[in-house]
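Visitor: The following block contains the structure, expressed as structure tokens.
Residue numbers (the numbering used here): 153 to 263.
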């Protein structure tokens, strides 16, 4: 009986350690998305564009980023609180969405 209790206790401890390790590992997609969001909000479009794939670079040129995107974001007011990201998987893509509280509205920005 004592050996059985010892085995159960060790199993519970092992599961707790494994669970804590799984929780402690950050999702690389979230970190990449957050970096892209920081670049976007800081208007660091050159750095942001280095994170784009070929299709995005074609559609989101520097002129588009410095023009339409900048104007649209500035219309929301100054960015404030950035909420917890939501992660979704679609085919081979991982989508990361961040709720951002701007001075005039709340917007969800997705990468």
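Even glycine gets a Cβ: it sits at the ideal position worked out from N, Cα and C. The structure presented is a predicted model; accordingly, all values stated were derived computationally and were not measured.
Flag this pair as touching only if the stretch 250-258 and the stretch 224-237 have three or more C-beta atom pairs under 8 Å; answer yes or no.
Guide: Touching, yes, given that three or more Cβ pairs across the two stretches are closer than 8 Å.
Visitor: What's the gap between the Cα of residue 245 and the Cα of residue 258?
Guide: The straight-line gap from Cα to Cα measures roughly 25 Å.
Visitor: Determine the contact status of residue 179 and residue 239, defining contact as a CB-CB distance below 8 Å.
Guide: Yes.
Visitor: Compute the Euclidean distance between the alpha carbons of residue 227 and residue 210, then round it to the nearest angstrom.
Guide: Approximately 25 Å between the Cα atoms of the pair.
Visitor: Would you identify the three-state DSSP class for residue 205, choosing helix, strand or coil?
Guide: If DSSP states are grouped into helix, strand and coil, residue 205 belongs with coil.
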